[in-house]
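Quick note on our numbering: the sequence shown kicks off at -8 and runs consecutively.
Cβ coordinates follow ideal geometry from the N, Cα and C atoms, glycine included.
Remember, it's a predicted structure, so these values are computed and weren't measured experimentally.
Heads up: the structure comes next, in structure tokens.
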Amino acid sequence: MDFKKIRTETTVVTRQKDQFYKGTGNIYETVAILTKRANQIASEMKEELNKKIEEFATNNDSLEEVFENREQIEIAKFYERLPKPTLIAIHEFLNDEIYFRNPRKDTQDEF
């Protein structure tokens, strides 16, 4: 996922709770979906950040260490400025970009 291209709020905003009933009909089910998606996004972001930071890992101390630390700091600042995983998940849910299904509802329809 390319987090740089996501255009959503970087701070929490007040939303209409009726928007969260759309698709599920149950606010608690929506919260569970948002929680799972936010956890997925957070783990993807963490993996990507760790890969980028590993590029700067060295086993010896040198004079270039200060320069490398600056690069690591810039990468960390970039990720801090990104929208939080919860806000990205809410954005995806409200724009119908999340696929979800409830197996219990699917089996109830069959009976």
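Three-state secondary structure assigned by DSSP to residue i
| i | result |
| --- | --- |
| Phe69 | helix |
| Val136 | With the chain running from -8 to 102 in the structure shown, residue 136 is simply not present. |
| Phe11 | helix |
| Arg61 | helix |
| Asn30 | helix |
Inter-residue CB distance, residue i and residue j (contact presumed, cutoff 8 Å)
| i | j | result |
| --- | --- | --- |
| Ile79 | Ile24 | Incorrect: roughly 13 Å between the Cβ atoms, too far for contact. |
| Ile89 | Arg28 | 6 Å |
Beta-carbon spacing of residue i, residue j below 9 Å
| i | j | result |
| --- | --- | --- |
| Glu20 | Asn93 | yes |
| Lys75 | Thr1 | yes |
| Phe11 | Phe91 | no |
| Ile44 | Gln63 | yes |
Per the contact definition of three or more C-beta pairs closer than 8 Å, is the stretch 31 to 47 in contact with the stretch 64 to 76?
They touch, by the three-pair rule.
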